[in-house]
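If you read the first sequence in this note's numbering, its first letter stands for residue 4, the second for the next number, and so on. Where is the CB? At the ideal position from N, CA and C, for every residue including glycine. Since this is a predicted model, take the numbers as computed values, not measurements. To start, the structure under review is shown below, and the notes come after it.
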Amino acid sequence: MSTEPQLSKGYEPHAVERKWYQVWEASGYFRADEHSQKAPYAIVIPPPNVTGVLHMGHALNNTLQDVLCRWQRMQGREVLWMPGTDHAGIATQNVVEKQLATLGTDRHAVGRDGFIARVWQWREESGGQIIQQLKRLGASCDWQRERFTMDEGLSKAVREVFVRLYEEGLIYRANRLINWCPRCHTALSDLEVEHDEKKGHLWHLRYPVTGSDRYLVVATTRPETMLGDTAVAVHPDDERYAGLVGKTVSLPLVEREIPIIADEYVDREFGTGVVKITPAHDFNDFEVARRHDLPALNIFDESGVVNENGGPYAGQERYEARANVIADLENRGLLAKIDDHQNAVGECYRCRTVIEPYLSLQWYVKVGPLAEQAIKAVQDGRTRIVPAQWEKTYFEWMFNIQDWCISRQIWWGHRIPAWYCEDCGGITVSRADAVACADCGSAAIRQDSDVLDTWFSSALWPFSTMGWPERTATLDKFYPTACLVTGFDILFFWVARMMMMGLKFMDRVPFTDVYIHALVRDAQGHKMSKSKGNVIDPLHVIDEYGADAFRFTLASFAAMGRDIKLSTERIAGYKAFANKLWNASRFALMNLEGFDPDGIDLDDPQLSDADRWILTRLSEAIVQTGQALVDYRFNEAAGTLYAFTWNSFCDWYIELSKEQLHGDDPAARRRVQGVLFSVLEHLLRLLHPLMPFITEEIWQALPGRRPAASLMLASWPEPAAIPVDAAATVRMELVMEVIRAIRNVRGEMDVPPGRQITAVLLCGSSASTAVLGRAQGAIRALARVSELQIGEHLVRPAQAATQVAGDVEICLPLAGLVDVAEEEKRLAKEIAKVRTDVEFFRKKLGNEKFAARAPAEVLEKDRAKQAEAEEKLTILERSLEKLQGLK
RNA sequence: GGGCGAAUAGCUCAGCUGGGAGAGCAUCGGUCUUACAAACCGAGGGUCACAGGUUCGAGCCCUGUUUCGCCCACCA
């Protein structure tokens, strides 16, 4: 046996990770071939923002995708994992604007073209660093296909989609209230507004009724918008104000006569039952105004500053105006009271500025018809959402979907392909840049200055990245994709819209499965954010624990509900696991020096029960892991492999194998080497999707001719190739139980591991005698027994500690080991335990209804358990009596 | 207001179609046993939130309650 280890003493991830990633990438293992005959398996990456740096969410998301992709490759599929980044309109524009600000300039000074050039320049220099970070994680994307949503090809797809939807009347332009960010100076879709419960006030304002000395008191959360009131409303059935409908009030401060109207929308119970109507700055009021044909008076400019319609308050910022309006009303005795009030305030999801409902002309997608198809596709199972509970959320949103505002008043993004004619006022929407008005031919046209919502291009991602609108071989081969892996936070933003667009333009769903995973939180369950300072940087984790340990941790956590509370302790635990695997492999390699794997015979009749047992366990692990991955139960795959590796392989099999490996029978040694090699080889393949680096490193150190140059190309083991032997497994379980029983006594009695003891095994059958006889080497070594007797008719030692395993009574002579009183205590404890078992089964099986109605197999199983417990109890009680008789 | 989810060992969580409650960490006791002290061996620890119901049998199914969390929504 060699004393020269081929692997270093502890696993050191860094060099290994760097080395193998380069090899994989250079060798083209990640490349997808659209002309391959193999069955396709495609995943499109949720494109991270080009401004992004890798965070925990990305790490989880991409680890799971990589597990699936590597596994499918090993299953013999032609795998395409399509990578890329998103241009992230507002986010990227913000980054570059900040950069300009530090240079003492702004985008208006540089101009539109100059600004866009700067953004591209920024992307060249510092964008897309996340791609490099994904590589550190081990992501096996086909990097040669990397796409960017602003690429020429994808931009072409965007135009094609826009034009077709416009031509079909599914894209239109309308003047409505929209969500406006006064800081970003752009419209936002409903989804881009985040509602935050905030403590505010409910101001009660007095509006004098014209021609009387009466006042109407209105309650409002936004008193400054009174400048834009064009009515006050009451409920039609509200007796309190019955006679006032049709009259007018005089709007204070601006002294405007506005009508009192009646509308069902008013809730009589809330506030005073009188609502001020500000059509230009409130969504409800806008609707009321439409019903009553009231004018909308816009009192803000695009920055949220009061405009000329605000009279004396013109030029004041909205909160400044609020303070002044309140003060002035109070001075005039028109402020009735101020209540505390909590309400949900909408904020810009990018910059957290409070959004302003704002009247403007925007582009919309009419989503009704698209949503209908997207609903059907999930209802009839063409796309499956996993876990299924998310289907309901998906449907809820789809059923209540509102038209999608897609125009954004920023510069970075896909510019809307619409041109306005200055002569005839016509709109030209065109795939190619228009040079003349389609209506009148005039050259005096100018392009819409807005760009499209970033999610518009993201919605096309599954087919735009594959070359659409061209009909490409890639699309033919890989569309629809197999699975979309994403967090639930972008279910509506992205998944739902991909469904709509995929069905509309490809006539097929974009993916057959959607796997929705949890969001990563800190150890306290809080969302990680820079401002909270609770961010755990995935790259630091990789540095400290290694990418494999990190990936394994993420996979282990992947089953949990909606939150993953990441703690570094857990990652440290899986680092230990990686190290365990490393050392087990080191042991194997030390003992496989010069071993030739050719001619391994796993059906060799001479294999021991231990050999057959570990092969059976391996076979189970293979089946369970495969099924777990099919079902997207990543935690179960990880858990199965963890337990098999550590408990079955390391704790038992390696220990059991030492007898033959270190023994002097070359044939026996070779048999065990064969099993050891096979189990390790399969284990590495099984673990590879989860822990690609360490498994590759060990794989490359395996002796002999390897089945493939890299684990990336090694096939997933076929369970059928591993012989399963249930009978041998049962026999081995008895041996293990005996060993555990002896260890238990030793532990309970604090007998040090270094101390060898004597054991007498009184067997209840010749079968047990034979099984234990063959395993006596294992029993001696693992239970630290020097003198061992096994048989059916042995003399029971006079003074002995007793344990029972199956039909075997284990006697450990006490002389010099422990005292009788100690053993009496231990036995009594053991007896009490077994007695509760016996009683449990007596009661259960004694129940007539149970006997009558429970399935036969359950009954049989319970009867066997009862018999076993009864026998054990008898032996233990007899043993106790003997012990007491000695006193 | 509507919808969804969670509540299991000291902590973080598994528990897939109902068949005597599991893991990791932590705790306690014993160990450098020649792959691994990032390890080994052993032990203790739970009215599965609460109350009903269905069932021979419920952590799991049904009803209700409590506490937390998330999403959606136009109560000024």
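Boundaries cannot be given for Ser452, as no beta strand (DSSP E) includes it and DSSP labels it neither H nor E.
A check of alpha carbon separations from Thr877 across Leu830, Gln627, Lys846, Ile574 identifies Leu830 as the nearest. Cβ contact annotation for Thr275 (same chain, cutoff 6 Å, sequence separation greater than five): Val220, Ala222, in chain order. Within the region 463 to 499, the complete alpha helix (DSSP H) runs of at least 4 residues fall at 464 to 467, 476 to 481.
For Trp719, there is no enclosing alpha helix (DSSP H), as DSSP gives it neither H nor E. Taken in chain order, the unbroken stretches of alpha helix (DSSP H) that lie wholly in the region 58 to 101 and span 4 residues or more are 59 to 77.
In this model, Ile404 and Leu644 are separated by some 44 Å (Cα to Cα). The Cβ-Cβ distance between Val53 and Gln136 does not fall below 8 Å. According to DSSP, residue pairing for Gln806 in a beta bridge involves Ile813. Distance between Gly794 and Pro669, taken at the CA atoms: about 29 Å. Residue pairing of Pro262 in beta bridges, as defined by DSSP: Thr251. Going by C-alpha positions, Glu20 is about 45 Å away from Ile419.
Inter-residue distance for His238 and Arg271 is about 6 Å (C-alpha atoms, whole angstroms).
Leu716 is positioned such that its CB atom lies no closer than 8 Å to that of Ile701. Here DSSP, grouped into helix, strand and coil, assigns Gly203 to strand.
When the alpha-carbon of Val523 is set against those of Ala562, Lys41, Lys202, Leu494, the nearest one is in Ala562. In this structure the region 173 to 186 touches the region 362 to 369; the number of beta carbon pairs closer than 8 Å is three or more.
DSSP, reduced to helix, strand and coil, places Trp415 outside both helices and strands of the structure shown, so it counts as coil. With distances taken between CA atoms, Phe289 lies nearest to Val235 out of Val235, Trp719, Glu305, Glu258.
Nearest in C-alpha terms to Val811, of all of Lys836, Gly776, Ala42, is Gly776. Contact check between the region 115 to 127 and the region 75 to 85: fewer than three CB pairs, one atom from each, fall below 8 Å, which does not count as touching. For Ser789, the enclosing beta strand (DSSP E) covers residues 788 to 794.
When DSSP states are grouped into helix, strand and coil, Pro372 belongs to the helix group. Following the DSSP letters along the chain, one finds Tyr44 inside the beta strand (DSSP E) bounded by residues 43 to 47.
When only Cα atoms are considered, Gly767 and Gly809 end up about 9 Å apart.
With respect to Met501, Pro465 sits close: the two C-beta atoms are nearer than 8 Å. Taking the Cβ atoms as the reference, Cys440 lies roughly 30 Å from Ser192, outside the contact range of under 8 Å. Between Val328 and Ile264, the alpha-carbon positions lie close to 24 Å from each other. Within the same chain, Ala380, Arg385, Thr386, Pro483, Met502, Gly505, Leu506 come within 8 Å of Val512 by CB-CB distance, once the 5 residues on both sides are set aside. In the three-state scheme derived from DSSP, where H, G and I count as helix and E and B as strand, Lys568 is classed as strand. Within 10 angstroms of the beta-carbon of Phe590 lie 16 or more other beta-carbons, which makes it buried. Beyond the five residues adjoining it in sequence on each side, Asn65 comes within less than 8 Å, by CB distance, of Ile48, Leu137, Leu140, Ala142 in the same chain, given in chain order.
Taking all protein chains in view, the Cβ of Asn594 is crowded by 16 or more other Cβ atoms within 10 Å, so the residue is classified as buried. In the DSSP assignment, the residues bridged to Trp407 are Val368.
Taking Val248 as the centre and dropping the five residues before and after it, the same chain places the C-beta of Ile263, Ala265 closer than 6 Å to its C-beta, in chain order. Residues Ala552, Phe555, Tyr645, Thr648, Trp649 of the same chain have their beta carbon placed closer than 8 Å to that of Phe580, with the five preceding and five following residues left out of the count.
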